[in-house]
Every structure is written in C-alpha cells, then in structure tokens.
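Below is one structure, written out as structure tokens, with a few remarks after it.
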Amino acid sequence: MEQLLYILPRGLAIGALISAPMGPIGMLVIQRTLSKGRWPALFTGLGAALSDLIYCLLTGFCLSFITEFIEAQQQWLQLVGGVVLAIFGIYLFRKNPTRSLKSADQTQATSYWTDLVTGFLLTFSNPLILFFIVGLFARFCFILPDYGIHHYIFAYVCLFAGAILWWYGVTWLVNRLRRRFNVRSLRLVNRIIACILLAMAVIGVTMALKELF
C-alpha cells in the first residue's frame, strides 16, 4: 500500500505534465472546444493521452532492462532529468503556440472516433516526447527496481488518469470561458507552465548535486 501511495501522486503529476505544454495538440483541443464543442475536443485529448501512454510504456519497458544501472546511478539520472526539463522549459517559454493555430472548419462534421484518431496521430508523430518522459521519470524517481507487475499496472493507470484529468480540465475551462477566451493568452499559459518546469528542474538538479557532492 505504501508503494501505491508513492506511485499515485507521481503518476497523476507526470501524466498531467506530459499533456500540459500547449503545442499543436493543445491548440487543436482548444480550437475544437471553441468551434465544435467540448466532447469532440475531449476525445481529441483522449487520443493524445493514448499516444502519451504508449510512449510511457516504451520508456518504462526500456528502463526495466537497466534497473540495476538506474539504482546505481539514480542521482546522475535525476541530474540529467533536471537538465532535460530545464531545456524543455526554456524552449516552451520562448515558443509562441498561437502560430500553430489554423482557421477552424466549423462546417466539417466529424465523429468522436475521428477526433480521437487525429489527436493520437498528431501526438504520436512527435517521438521527441520520449526525452521529456525520460526526464520526468528520472526527476520523480518513478520507475523503481523493486516494482511488481501490479505496481507497473497501477503506475500507468495513474499516468493515463493524469493526462485525462488535464484534458478534462482544459476543455471545461475553455468551454466556460468561450465568450471571453483570447487565444493569444495561450502564450502566457505556456510561460507559466515553462516556469513550473524550470522550478522543478532547479530543485531536481540541486538535490542531485547535494547527493553527488
């Protein structure tokens, strides 16, 4: 039970953080919320969450082959994870997500299945997310050598739940603020998220350096 309580908040946080950056998929979810309604946008986010889950499974599967190395080099991995998060945070802070926004086609009727598939493909087409996931896994010490199969299942369920909760919250908020929502404010949202990632990176690097030296 203690290990499950250890996994739960970290899994939810990682799932949400993977989904949080307002790149093309975030823009698409917001665009569909404004133009088609909340449910098509939520299914788009679900597709993105499924793609993120696959990349997390690949990351965890690869890491499972080197658990002894991870245990021995945990501080170095945490240091590298912090640096990766810092680089991603700087990139996110400087990025203008509104450039990814295309004009919405409000007349095109699509099914929830199409929304899900497009969200999945758009997210899956960016394998660089693997580096971000590795950084988060290392920063949160998420994959531990003594995990059993039930721990892994619970961990990935928490990851998926965290991603779904993020997209649920985004679509709810945008839908509530539909009449007052300014897409240009997404740059501010991006910078807030970037600052959170940078703060996490600084904490992680500082803790790793203290353990190493």
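First residue of the sequence shown: -11, per the numbering used here; consecutive thereafter.
All C-beta atoms, glycine included, are put in the ideal place defined by N, C-alpha and C.
Since we're looking at a predicted model, the values are computed, not measured.
G150 and F201 have their C-alpha atoms spaced approximately 34 Å apart. Separation of I13 and I191 (C-alpha to C-alpha, rounded to the nearest whole angstrom) is 28 Å. For I117, same chain residues with a beta-carbon under 6 Å away, outside a window of 5 residues either side, are Y43 in chain order. Of the candidates T21, A143 and F81, A143 places its Cα closest to the Cα of R(-2).
Here DSSP, grouped into helix, strand and coil, assigns N163 to helix. Bounds of the alpha helix (DSSP H) holding S7 are E(-10) to S7. Residues of the same chain with a CB within less than 7 Å of the CB of T106, apart from the 5 flanking positions on each side, are T32 and G35 in chain order. Rounded to whole angstroms, the gap between the alpha carbons of L185 and Q63 is 19 Å. The beta carbons of L165 and I6 sit about 24 Å from each other, so the pair does not count as a contact at 8 Å. In terms of Cβ geometry, A189 and A8 do not form a close pair [threshold 7 Å]. Boundaries of the alpha helix (DSSP H) around F108: Y100 to F112.
Counting the other CB atoms within 10 Å of its CB gives P28 a total of 16 or more, which places it among the buried residues.
Per DSSP, reduced to three states, the secondary structure at R175 is helical. For L38, the CB contacts under 7 Å within the same chain, skipping 5 residues up- and downstream, are F108 in chain order.
By the neighbour-count criterion, in which a residue is buried when 16 or more other Cβ atoms sit within 10 angstroms of its Cβ, W154 is buried.
The beta carbon of F112 sits closer than 6 Å to those of S39, all from its chain and outside the five residues before and after it, given in chain order. By the Cβ neighbour-count rule, T194 is exposed, with fewer than 16 other Cβ atoms within 10 Å of its own.
Assigned with DSSP and collapsed to three states, K198 falls in helix.
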